[in-house]
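Numbering (this note's numbering), first residue to last: 88 to 186.
For glycine and all other residues, C-beta sits at the position ideal for the given N, C-alpha and C.
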């Protein structure tokens with residue numbers, strides 16, 4: 088899993104029928120220190136994430152192992168909304184501080 092921030096959403100009116108009821112998010116990939124890495128990914132939202140949320144996401148075959156994405160053509164999925172994380176004993180992120 089990787090850390091990212093929800094920075095947008097994707098609306099696609101014409102898409103494969105297996106994607107019809109899925110919410111698509113634009114994620115900015117972040118490094119372990121919480122800094123944006125300058126790369127982006129579109130992911131299926133399986134946890135109800137919203138704009139500005141820090142999330143964990145998975146890609147590849149792991150992305151198709153949730154109840155929501157099983158058997159669907161997706162390559163990235165949000166797996167968790169991050170409340171906080173630390174690195175080497177130092178607090179990197181706390182959701183309540185960014186609210």
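Can you give the Cα-Cα distance for residue i and residue j, rounded to whole angstroms?
i	j	result
residue 163	residue 140	16 Å
residue 103	residue 146	19 Å
residue 105	residue 157	10 Å
residue 148	residue 121	26 Å
residue 128	residue 174	24 Å
Per DSSP, what kind of secondary structure is residue i in: helix, strand or coil?
i	result
residue 121	coil
residue 184	helix
residue 133	coil
residue 155	coil
residue 106	helix
In its own chain, which residues sit with a C-beta less than 7 Å from the C-beta of residue i, not counting the 5 before and 5 after it?
i	result
residue 161	131, 150 and 151
I'd like to confirm something about residue i: is its beta-carbon nearer than 8 Å to some heavy atom of the ligand HEM, or not?
i	result
residue 170	Judged by which ligands are present, the structure shown has none, so any question about the ligand HEM falls away.
Leaving out five residues before and five after residue i in sequence, what residues of the same chain have Cβ atoms less than 6 Å from its Cβ?
i	result
residue 96	112
Which residues does DSSP pair with residue i in a beta bridge?
i	result
residue 97	111
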